[in-house]
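In the working numbering, the protein residues as written are 3 to 372.
No residue lacks a Cβ here, since even glycine has one placed at the ideal position from N, Cα and C.
Source: prediction; values computed, not measured.
The structure appears right after this line, and notes come after that.
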């Protein structure tokens, strides 16, 4: 995904992580993703936007944060930057905590949501990872849609996949509704489609746009542009067999055919005892055991999918993170290009059987453009 190419140097890249249902591991992944960015010396802030059931403070090991979202919402401070809590263990990592157990926080009004979104874009960081609440409230949908990259976390089981489809459907409907807010004649089309239960509907969004285009081509074009601008990534969590990833292909096909939305499969996170153990210890799993399979899964995902905006940076970022988390020794040595290389699928300079061209270019001091 190239969402980073569009980022202003003065604005952070916002990554929102959501799910169709609770209990899929969304918050755990959000915490470890934030730590992963910080390990790469990217200034990162992880935001707990699950206002009705905040638990990031427990997952990340700060049981009693000094500041929470309540301090901002009540007007005690002026900006979200004022309530960022620096992590005591990880450099480059800041945290914004939700107001756990505070009545009414899960139902913010539209004005407050827009104020919050504006504040997110002014956080002093390179990356902002937003842990959303589960489900598809307007609050969740608006935050997900406002992000530069929205990630849906799901498990390889029918209920989770079904709820994830419904979540993406609600994202689509919410974005289309906002796009046509000024076109009252068209709103009926979208509202009727939105009210139809998924298992009863045989109308595709493509067909819906076709109906609208018959009378309002300009509006249909705007709606199509709206869908094209959505950047949605998928993570399959708690995978017990690699073959389960095939389910994501069918899931993506359904999204494309029924909702006219293209998504990117970011990768899988294998099921492993280290993850629940890390939660009990209040340590993000990528930091508790960097050699564990889930940690390597997430490290690869961060580098090759999220940070892969410039190839040279992606290559050396991956080496840096692998070395940092101790997976293997990255001493400079002669490397022969091979299909067995972990970078083969992403490498633009592959030439099997010959010395690694990218390694030599980097050794000569060529690191690519900033």
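Heavy atom of the ligand ADP less than 7 Å from the Cβ of residue 160, yes or no?
Ligands displayed in this structure: none; no statement on the ligand ADP is therefore possible.
Nearest CA to the CA of residue 91: which residue from 62, 98, 75, 119?
62
Tell me whether the beta-carbon of residue 261 lies closer than 8 Å to the beta-carbon of residue 207.
Closer than 8 Å, so yes.
On a Cα-Cα basis, can you pick out the residue from 80, 15, 151 that is closest to residue 268?
151
With three or more C-beta pairs closer than 8 Å as the rule, is the segment 175–190 touching the segment 154–162?
no
Could you tell me whether the Cβ atoms of residue 2 and residue 101 are closer together than 8 Å?
Shown here, the chain extends from 3 to 372; a query on residue 2 therefore has no answer.
Meets three-Cβ-pair contact criterion under 8 Å: the segment 120–134 and the segment 38–51
yes
Candidates 83, 52, 27, 58: which alpha carbon is nearest residue 14's?
83
Inspect the beta-carbon positions of residue 99 and residue 56 and report whether they are closer than 8 Å.
Closer than 8 Å, so yes.
Going by C-alpha distance, which of 250, 110, 79, 64 is nearest residue 88?
64
Per-residue burial, residue 282 [other beta carbons within 10 Å of its own, 16 or more giving buried]
exposed
Other residues of its chain near residue 93: CB distance less than 7 Å, five sequence neighbours each side excluded
40
Answer with buried or exposed for residue 66, where buried requires no fewer than 16 other C-beta atoms within 10 angstroms of its C-beta.
exposed
Cβ shell of residue 177 (< 6 Å), same chain only, five flanking positions each side left out:
147, 228
One or two residues paired with residue 153 in a DSSP bridge:
19, 235
In terms of DSSP beta bridges, what is residue 1 paired with?
The structure shown does not extend to residue 1, since the chain is modelled only from 3 to 372, so the question has no answer here.
Can you name the residues that DSSP bridges to residue 266?
235
Provide the residue(s) that pair with residue 209 in DSSP beta bridges, ordered along the chain.
In DSSP, residue 209 forms no bridge with anything.
Using three-state DSSP, classify residue 176 as helix, strand or coil.
helix
On a Cα-Cα basis, can you pick out the residue from 34, 270, 79, 128 that is closest to residue 241?
270
Beta bridge counterpart(s) of residue 134 as assigned by DSSP
51
Anyone know if the C-beta pair for residue 239 and residue 26 falls short of 8 Å?
yes
Would you report the Cα separation of residue 306 and residue 190, rounded to the nearest angstrom?
42 Å
For residue 183, report the span of its alpha helix (DSSP H) as first-last.
Premise fails: residue 183 is in no alpha helix (DSSP H) and is neither H nor E.
Tell me whether residue 265 is buried or exposed, calling it buried when 16 or more other Cβ atoms sit within 10 Å of its Cβ.
buried
Does residue 271 come out as helix, strand or coil in the three-state DSSP assignment?
Three-state DSSP puts residue 271 in a strand.
I'd like the list of long-range same chain contacts for residue 144, defined as Cβ closer than 6 Å, with 5 residues on each side in sequence excluded.
115
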